[in-house]
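Let me begin by presenting the structure, written as structure tokens, before commenting on it.
Below you can see the structure in the form of structure tokens.
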């Protein structure tokens, strides 16, 4: 039977799923778990064990942290033998069949704080668990018998690794160029491939190793099929590990040669690290406490500093996502040191007054094709200053960078980004998507928004006011006045140009010859940002319009349903999905600025906070849905608002944490 410590931990697990949620095929395959290592690598699959994405894998290593991700170990086939009976504990989907059907034996799945399965079959209750030690491309596995009806029956476990050795965006075929060699010494196996990937080590104590060398063909990944991509893969099975389960079976899969005797020490260290993160955040219970550990999964090393992985399983670190996410992921969880690292790391990458939008996976130069990432940098620094009061540190190291950014915007930088004669920030050129609504299909920019987008003006004003305050605190009186004058000039122009009297809200984009009256969520930032250009009356009208037209239980629609261009479902192939990405699709991260704006225009009382709690109710339930203990990137615009896109998104988690703490 489980010991007292195991039972106590189970009572405090972040997520616990039982009955049909774990043993029924559709339900358990629709729930994804994620384990990360703090350097960009991860382990992820579904509760059933059936991979539904090319991105699923038990060891997806970051070979050039935080990027260069490769699926080294895709999965295991596991066979449990009890006396003379054999049971397949794993599950995979092939054309027309699922084999074996190990999900039927799952009795419980929990995040405790890492993935743990309770399996019951043939009178044996088995606990399978895995975790990733922080900072290492390593996954630790354990299989342990916690109860058995017939104590005399021998119980053994066969573990068959299925290897991929491929970039995580691609798929493996037996007809490809993969060649694998390996050597076995004691309970360790070192595997080498012909594709230039790191060596993969399997280390255990007491395992018997039998060399095989088989290909398993035609694994099917259902979500890739739905998304219109290639969805079948072959995997290579080089050997079998056999364990006598009279004692727990412990196994490492790693890019380094890990001592198998360190399993318990590494588990204790990683459990302690996570407990300390929760304690440092200081949330007593509930949604924020759960999301604290989710937040940690996005914070990764880049060089000597840190950055933010925008989303799992396929995003890398993006400048925009990083700056929007920074306050929630770091400041709201009691980690201002990480915030400082990120702010300083990105200052080294400023070019012509711009932050990079993306660091490509393949190691190419960063991409500078965003107008808003740089402006969100100012807001992240403002939030950091408010949290820490470290004016001198910021002044010494970042003030010149920030002032230089303002100057570049005044005289003009890439992609037509320049302050116009009225003091507002204009941006855009043909074929380039510069705002967060950045979907592009070939040469077609779906939502170009060229001209003066509303949230860009709100961010520009907020940046100028932030610089005014910072310069004043640093004793730079003349520069403080200069930034104030620039801000006032922008505010006068904004007031004259952006109010839509007919709709009682703000235009989405103003260009020289037109004003775009589309009802989009971008106007909410004119209320939610720390420094606002709107009067209280107009701010209330903006919140009312957004609430009426765009608010859903999971975030804000990206376009009102009344608009002719509205698309209610995010589905189909790449063209259909990209066409819908910002044409109605709900974005969870926008719930953060909406709640911030809602609080600003309503009295700070119990009624307001009760309404906020109601807004967060569906999100709390969502943690038990698609991405366990995570918040998805997007949702369908129409009920039942099915989650889509990345099952784990940094700014979705960050913005909910931020507004809960505030």
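In our numbering, the protein residues as written are 1112 to 1773. Think of the CB as a built atom: it goes at the ideal place given N, C-alpha and C, for glycine as much as any other residue.
Item: Does the ligand GDP have a heavy atom nearer than 7 Å to the CB of residue 1565?; Value: You won't find the ligand GDP in this model; it holds no ligand whatsoever.
Item: What is the DSSP secondary structure of residue 1687, counted as helix, strand or coil?; Value: helix
Item: Is the separation between the beta-carbon of residue 1364 and that of residue 1169 shorter than 8 Å?; Value: yes
Item: Bridge partners of residue 1616, per DSSP?; Value: 1611
Item: So, using beta-carbon positions, are residue 1608 and residue 1620 closer together than 8 Å?; Value: no
Item: Flag this pair as touching only if the segment 1162–1178 and the segment 1400–1420 have three or more C-beta atom pairs under 8 Å; answer yes or no.; Value: yes
Item: Indicate the three-state DSSP secondary structure (helix, strand or coil) for residue 1348 in the structure shown.; Value: strand
Item: From 1479, 1377, 1290, 1737, pick the residue whose C-alpha is nearest to that of residue 1464; which is it?; Value: 1479
Item: Roughly how many angstroms separate the alpha carbons of residue 1568 and residue 1245, rounded to a whole number?; Value: 40 Å
Item: At which residues does the alpha helix (DSSP H) containing residue 1391 begin and terminate?; Value: 1374–1392
Item: For residue 1559, which of 1539, 1577, 1578, 1565 has the nearest alpha-carbon?; Value: 1539
Item: DSSP state of residue 1705, grouped into three classes?; Value: helix
Item: Inspect the beta-carbon positions of residue 1512 and residue 1458 and report whether they are closer than 8 Å.; Value: yes
Item: Which complete beta strand (DSSP E) runs does the segment 1138–1214 hold, if anything under 3 residues is left out?; Value: 1143–1147, 1153–1157, 1168–1175, 1178–1193, 1196–1199, 1202–1205, 1208–1212
Item: On a Cα-Cα basis, can you pick out the residue from 1468, 1407, 1706 that is closest to residue 1543?; Value: 1468
Item: Please list, in chain order, all residues of the same chain as residue 1234 whose beta carbon is under 8 Å from its beta carbon, the five residues on each side excluded.; Value: 1193, 1259, 1260, 1261, 1264
Item: Where DSSP assigns a beta bridge to residue 1230, which residues make up the other side?; Value: 1217, 1237
Item: For residue 1101 versus residue 1125, is the C-beta distance shorter than 8 Å?; Value: Since the first and last residues shown for the chain are 1112 and 1773, residue 1101 lies out of range.
Item: Pick out the complete alpha helix (DSSP H) segments inside the segment 1518–1597, 4 residues or longer, and give them in chain order.; Value: 1565–1584
Item: Do the segment 1136–1146 and the segment 1743–1756 make contact, defined as three or more Cβ pairs closer than 8 Å?; Value: no
Item: My assumption, with CB atoms under 8 Å, is that residue 1484 sits in contact with residue 1366. Please give the rounded CB distance.; Value: Residue 1484 to residue 1366, Cβ: 32 Å. No contact.
Item: Note down the Cα distance separating residue 1290 from residue 1304, rounded to an integer number of angstroms.; Value: 6 Å
Item: Taking the beta carbon of residue 1774 as the centre, do at least 16 other beta carbons fall within 10 Å, making it buried, or is it exposed?; Value: The question about residue 1774 has no answer here: the residues shown for the chain are numbered 1112 through 1773.
Item: Under the rule that 16 or more other beta-carbon atoms within 10 Å means buried, what is residue 1571, buried or exposed?; Value: buried
Item: Select from 1196, 1344, 1438 the residue whose C-alpha is nearest the C-alpha of residue 1498.; Value: 1438
Item: Which of helix, strand or coil does DSSP assign to residue 1312?; Value: strand
Item: In this structure, how does DSSP classify residue 1627 when only helix, strand and coil are distinguished?; Value: strand
Item: Need the endpoints of the beta strand (DSSP E) that residue 1327 sits in, please.; Value: 1319–1331
Item: Tell me the residue span of the beta strand (DSSP E) that contains residue 1632.; Value: Careful: residue 1632 lies outside any beta strand (DSSP E) and carries neither H nor E.
Item: Could you check the C-alpha separation between residue 1453 and residue 1762 for me, to the nearest Å?; Value: 15 Å
Item: Would you call the segment 1514–1533 in contact with the segment 1550–1557, where contact means no fewer than 3 C-beta pairs closer than 8 Å?; Value: no
Item: Please report the straight-line C-alpha distance between residue 1651 and residue 1707, rounded to a whole angstrom.; Value: 12 Å
Item: Count the C-beta pairs between the segment 1304–1318 and the segment 1183–1199 that are closer than 8 Å, then say yes if the count reaches three, no if not.; Value: yes
Item: Applying the criterion that 16 or more other CB atoms from any shown protein chain within 10 Å of the CB defines a buried residue, is residue 1675 buried or exposed?; Value: exposed
Item: Can you give the beta carbon distance from residue 1647 to residue 1565, rounded, assuming they're within the 8 Å contact cut?; Value: Contact flag wrong, Cβ pair sits at about 18 Å.
Item: What are the residues that DSSP puts in a beta bridge with residue 1129?; Value: 1219
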